[in-house]
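To start, the structure itself, in structure tokens.
In this note's numbering, the protein residues as written are 1 to 120.
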């Protein structure tokens with residue numbers, strides 16, 4: 001079974017107050033790079049290219065919480081990211097307006113991650 005089907009099923013059964021915002025965030029991420037794949041990992045949809053880039057944390061209910069697993073190096077360039085432990089960075093979107101406001105930055109961040117992984 002493909003990761004996309006697994007993630008589609010995840011969203012079909014998801015009960016979350018910001019489900020539409022999560023789905024829009026997923027759409028933006030996947031559109032940013034054709035190299036990305038997705039799967040369900042650590043309790044939420046994850047986006048991968050050579051390694052895991054980011055994972056939704058659907059247990060957080062007051063925002064769309066997206067964990068960038070090695071996001072710390074990108075925080076200066078993308079100030080919407082919040083510092084997390086062990087080199088992680090978080091993107092938190094609290095409304096559809098918030099998702100749309102950060103659409104281009106989120107796409108640029110995903111592109112930067114992919115380019116960084118290609119140079120390693």
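Using N, Cα and C, we set each Cβ at its ideal position, and we do this for glycine too. Keep in mind the model is a prediction, meaning the values are calculated, not measured.
**Message:** Within 10 Å of its beta-carbon, does residue 109 have 16 or more other beta-carbons around it, so buried, or fewer, so exposed?
**Reply:** Walking along the chain shown from the start, residue 109 turns up at place 109. It is buried - the Cβ of residue 109 has at least 16 other Cβ atoms within 10 Å.
**Request:** Going by CA-CA distance only, name the one from 70, 15, 19 that's closest to residue 93.
**Result:** Looking up residue 93 in the chain shown gives position 93. Nearest of 70, 15, 19 to residue 93, Cα basis: 19.
**Item:** Assigned secondary structure, residue 41 (DSSP; H/G/I helix, E/B strand, else coil)
**Value:** Looking up residue 41 in the chain shown gives position 41. Reduced to three states, the DSSP call for residue 41 is strand.
**Request:** Could you check how far apart the C-beta atoms of residue 74 and residue 112 are, in whole angstroms? I think they sit under 8 Å.
**Result:** As a first step, residue 74 is located in the chain shown; it is residue number 74 there, counting from the start. As a first step, residue 112 is located in the chain shown; it is residue number 112 there, counting from the start. The Cβ separation is near 6 Å, so the contact holds.
**Prompt:** Where does residue 34 land, buried or exposed, given buried means 16+ other C-beta within 10 angstroms?
**Reply:** As a position in the chain shown, residue 34 is number 34, starting the count at 1. So residue 34 ends up on the exposed side.
**Prompt:** With burial defined as no fewer than 16 other Cβ atoms inside 10 Å of the residue's Cβ, what is the status of residue 38: buried or exposed?
**Reply:** Position 38 of the chain shown, counted from the start, is the residue given in the question as residue 38. Its Cβ being crowded by 16 or more others within 10 Å, residue 38 is buried.
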